[in-house]
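Residue numbers (the numbering used here), protein chains in the order written: chain V, 16 to 440; chain X, 16 to 440. Below is one structure, written out as structure tokens; comments come after it.
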């Protein structure tokens with residue numbers, strides 16, 4: 016009797032299912048829910064503290080500009096601290112990526128306070144840097160302490176590190192979906208890790224919630240006008256994407272080049288000291304503070320007016336200089352700045368609204384530099400809504416393809432080459 | 016001189032870059048732009064014709080309900096056609112997936128007209144089925160003709176097949192980003208193919224544009240209220256996600272079980288004939304047409320009122336019966352129906368707004384059944400906006416994890432197991 020057989024088979028498989036898979040899955044989900052909740056609350060709260068302190072540092076600097084004169088000394092301090100207590104964590108984001116690829120030892124917790132303090136000092140004294148690197152390192156360092164605490168196995172350690180990265184990213188920008196996908200996407204170029212997908216999303220959502228629960232807000236950007244997609248606008252988006260990708264490539268190249276240059280100074284603490292002297296000379300020549308710190312006001316401005324051609328270039332150079340000299344902070348907010356102001360300027364040549372081009376550049380330069388196109392599409396959708404989604408996506412994907420294989424995270428390995436014609440350089 | 020060396024190095028690498036990579040990349044981008052444009056226009060137009068004909072068939076059926084009496088004969092006709100002319104393409108979506116995994120021969124173009132006619136006949140005479148399978152098969156079949164025409168190599172053939180699938184999906188639902196990601200995500204569970212990312216996005220965007228240019232619209236759904244995410248709502252979302260995943264699993268299991276049952280009928284054309292007789296008996300007993308065809312009116316209704324407990328179950332059974340008997344069409348719109356009405360009903364137990372639960376179920380059941388969580392998050396974001404994004408994402412990811420490894424596409428291989436405790440069953 017086929018009907019009976021079918022019913023039997025169905026019931027049997029349902030029985031087996033509930034006995035084995037379902038129970039195990041539910042247990043594993045509960046386990047990760049608990050870990051994610053703890054992790055999310057801790058990292059989200061740390062991000063809240065970090066963002067508040069950063070706002071204080073930025074405001075203090077803007078009101079006491081004389082403090083910038085001490086940038087070299089601040090650099091020396093950061094340099095000395097990392098030289099004597101932070102040698103094991105000086106690689107920052109790259110250390111996290113390396114541990115994800117070939118686990119060696121638990122990330123020392125000292126990574127979190129060092130990067131926190133280093134970033135605040137960098138911003139307080141007028142370096143040009145970001146904040147996602149800091150949040151991601153705080154997240155990764157805290158997460159990895161659970162490895163010891165819970166005696167996690169290798170496979171679970173990988174998941175918890177991804178969760179830490181996701182949580183840091185999600186809470187610092189207020190973009191939980193982008194944060195979750197960033198953690199899954201960042202450590203191998205051309206690949207995405209599905210088996211951490213649920214813990215990563217849960218931790219990102221909780222961290223974002225925890226950060227907001229402390230009353231910490233995030234900057235809102237709005238793209239005023241989005242024209243209908245058509246064949247001309249498609250071509251324009253691809254063209255803009257290529258320029259964003261080349262800009263990302265220039266940033267990575269310049270960053271590595273300047274790092275190699277600073278490496279000629281044999282005593283590491285001297286590097287940010289000398290870098291700081293060059294930086295204050297440049298800031299003095301420029302005569303304003305538009306290009307230092309996070310640069311949020313200029314990013315917002317790029318959405319509402321056309322920027323000059325040099326804005327993105329100055330920020331690109333100052334950030335590469337700040338970070339390669341050994342100051343601390345992330346690359347992402349400066350990349351948002353570079354992309355948004357470049358996009359806004361490109362409206363001079365490209366007949367698309369400057370607000371839209373600013374939004375496209377905002378995410379696309381970062382997509383190219385970090386090799387995380389899907390996370391960047393989510394950033395675009397979470398920050399600007401879905402109306403511009405198609406433009407954002409085309410720009411991010413094109414920039415990713417045209418930015419080369421060596422992005423800002425040198426330790427990324429190539430899972431799949433971006434294009435089959437290319438080999439790793 | 017380090018500065019000179021740096022400049023030299025930078026210029027040299029820039030020169031090499033523009034001489035090799037950049038030129039090759041640009042050429043390859045232009046090549047794919049041309050192919051994508053052609054493909055997008057053809058597939059988008061085919062989807063427009065398909066959607067218009069489908070609307071006509073649905074309206075005709077609703078105004079001439081006597082036509083349902085001929086469902087068995089319609090089934091016989093489909094069965095005979097596929098038996099005598101369609102043996103090479105009867106596997107449908109699974110054939111596309113198999114060709115992507117281990118290329119054997121070009122998909123016969125006959126796949127497109129057969130699935131087109133088969134789907135229209137299924138809907139005209141009252142079967143319960145979807146449309147994405149049809150669009151994807153039309154897309155894949157057209158795309159693969161370029162393999163012959165342009166004498167594409169194996170690696171390019173894979174890209175073009177992905178583009179065809181993306182374009183079909185994007186244009187039939189009006190969701191270009193979800194379509195692009197679906198094509199990249201569908202053929203291996205737990206993996207996403209980055210090296211087709213640019214062609215896939217371009218083709219999806221163009222196909223969607225081409226379909227809309229023919230004046231074909233898509234249904235709009237709106238989630239009326241989205242509460243703030245908090246710890247209780249997070250737990251509720253995960254719980255709902257588990258139920259959506261189990262429902263997806265039940266659909267796949269029932270589908271395969273009924274298919275095995277129908278396989279006992281040795282002469283294939285008789286299967287849809289007998290299936291048709293069972294279907295009209297059930298439709299007669301139910302006494303209304305809510306559960307046949309696409310079911311768009313009921314899907315829309317689920318967003319604005321609470322559905323009864325049996326709505327999703329009846330649709331689930333009728334669709335599994337229709338498709339496993341050998342009628343043609345996709346699974347996705349019925350899965351949207353099943354998820355939305357289940358979600359809407361669950362608001363009886365789960366204290367979240369029924370519109371939100373309907374939206375979560377809409378995408379999450381499909382995410383579980385097709386093993387494409389990221390594409391489904393994009394569907395949610397493109398159809399419902401970003402306000403509900405976090406709920407949608409948690410539901411999709413959880414449903415994906417809880418739906419088991421054997422989804423509606425039997426030919427999917429397991430790139431990475433969903434959970435390391437699990438083996439493939």
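Glycine residues also receive a C-beta, built at the ideal position from the N, C-alpha and C atoms. In this text, all values refer to a predicted model and were calculated from it rather than measured experimentally.
Test: residue i CB closer than 8 angstroms to a CB of chain V
| i | result |
| --- | --- |
| residue 216 (chain X) | yes |
| residue 221 (chain X) | yes |
| residue 397 (chain X) | yes |
| residue 369 (chain X) | no |
| residue 405 (chain X) | yes |
| residue 418 (chain X) | no |
| residue 412 (chain X) | yes |
| residue 224 (chain X) | yes |
| residue 408 (chain X) | yes |
| residue 359 (chain X) | no |
| residue 339 (chain X) | no |
| residue 139 (chain X) | no |
| residue 19 (chain X) | The predicted position of residue 19 (chain X) is uncertain, since its pLDDT is 47 and thus under 50; a value taken from the coordinates is nonetheless stated next. Not closer than 8 angstroms to any Cβ of chain V, the Cβ of residue 19 (chain X) fails to qualify, so no. |
| residue 392 (chain X) | yes |
| residue 209 (chain X) | yes |
Alpha-carbon spacing of residue i relative to residue j, whole angstroms
| i | j | result |
| --- | --- | --- |
| residue 264 (chain V) | residue 417 (chain V) | 8 angstroms |
| residue 267 (chain X) | residue 45 (chain V) | 25 angstroms |
| residue 324 (chain V) | residue 298 (chain V) | 18 angstroms |
| residue 69 (chain V) | residue 335 (chain X) | 57 angstroms |
| residue 165 (chain V) | residue 315 (chain V) | 44 angstroms |
| residue 441 (chain X) | residue 153 (chain X) | The requested residue 441 (chain X) is not part of the displayed model; chain X covers only 16 to 440. |
| residue 136 (chain X) | residue 89 (chain X) | 7 angstroms |
| residue 117 (chain X) | residue 142 (chain X) | 33 angstroms |
| residue 373 (chain V) | residue 354 (chain V) | 7 angstroms |
| residue 159 (chain V) | residue 365 (chain V) | 46 angstroms |
| residue 162 (chain X) | residue 43 (chain X) | 16 angstroms |
| residue 384 (chain X) | residue 36 (chain V) | 17 angstroms |
| residue 219 (chain V) | residue 192 (chain V) | 7 angstroms |
| residue 250 (chain X) | residue 358 (chain X) | 15 angstroms |
| residue 216 (chain V) | residue 407 (chain X) | 11 angstroms |
| residue 328 (chain X) | residue 421 (chain V) | 51 angstroms |
| residue 20 (chain X) | residue 340 (chain V) | Residue placement at residue 20 (chain X) is poorly supported in this model, since its pLDDT is 48, which falls under 50; the coordinates are not used for a value here. |
| residue 92 (chain X) | residue 301 (chain X) | 25 angstroms |
| residue 102 (chain X) | residue 343 (chain X) | 14 angstroms |
| residue 240 (chain V) | residue 84 (chain X) | 52 angstroms |
| residue 82 (chain V) | residue 338 (chain V) | 19 angstroms |
| residue 157 (chain X) | residue 348 (chain X) | 23 angstroms |
| residue 247 (chain V) | residue 238 (chain V) | 20 angstroms |
| residue 332 (chain V) | residue 86 (chain V) | 17 angstroms |
Closer than 7 angstroms: residue i CB and nearest the ligand FAD heavy atom
| i | result |
| --- | --- |
| residue 200 (chain X) | Because no ligand of any kind appears in the structure shown, any question about the ligand FAD cannot be addressed here. |
Residues bridged to residue i [DSSP beta-bridge criterion]
| i | result |
| --- | --- |
| residue 203 (chain X) | X:428 |
Cutoff 8 angstroms: residue i Cβ touching any chain X Cβ
| i | result |
| --- | --- |
| residue 245 (chain V) | yes |
| residue 84 (chain V) | no |
| residue 212 (chain V) | yes |
| residue 166 (chain V) | no |
| residue 118 (chain V) | no |
| residue 3 (chain V) | Residue numbering for chain V in the displayed model covers 16 to 440; residue 3 (chain V) lies beyond these limits and cannot be assessed. |
| residue 401 (chain V) | yes |
| residue 183 (chain V) | no |
| residue 333 (chain V) | no |
| residue 60 (chain V) | no |
| residue 251 (chain V) | no |
Whole-Å CB distance - residue i paired with residue j, under 8 angstroms assumed
| i | j | result |
| --- | --- | --- |
| residue 111 (chain V) | residue 151 (chain V) | 7 angstroms |
| residue 402 (chain X) | residue 380 (chain X) | 21 angstroms between Cβ atoms; not a contact. |
| residue 186 (chain X) | residue 225 (chain X) | 7 angstroms |
| residue 207 (chain V) | residue 177 (chain V) | With 8 angstroms as the limit, residue 207 (chain V) and residue 177 (chain V) do not qualify as a contact, their Cβ atoms being about 11 angstroms apart. |
| residue 397 (chain X) | residue 234 (chain X) | Contact flag wrong, Cβ pair sits at about 13 angstroms. |
Proximity test, Cβ basis, 8 angstroms: residue i and chain C
| i | result |
| --- | --- |
| residue 205 (chain X) | Annotation note: the requested chain C is absent from the structure, which comprises protein chains V and X. |
Legend entry - Segments of 4+ residues assigned as alpha helix (DSSP H) that fall wholly inside the region 70-147 of chain V: Within the region 70-147 of chain V, the complete alpha helix (DSSP H) runs of at least 4 residues fall at 86-100, 108-116 and 126-139.
Inset, instruction - Ignoring anything shorter than 4 residues or poking outside the region 374-405 of chain V, list the alpha helix (DSSP H) runs there in chain order. - result: If we require 4 residues or more, the alpha helix (DSSP H) runs fully inside the region 374-405 of chain V come out as 388-399.
Legend entry - 4-residue-minimum alpha helix (DSSP H) runs that sit fully inside the region 168-252 of chain X, ordered along the chain: List check, alpha helix (DSSP H) in window: 169-188, 191-200 and 212-228.
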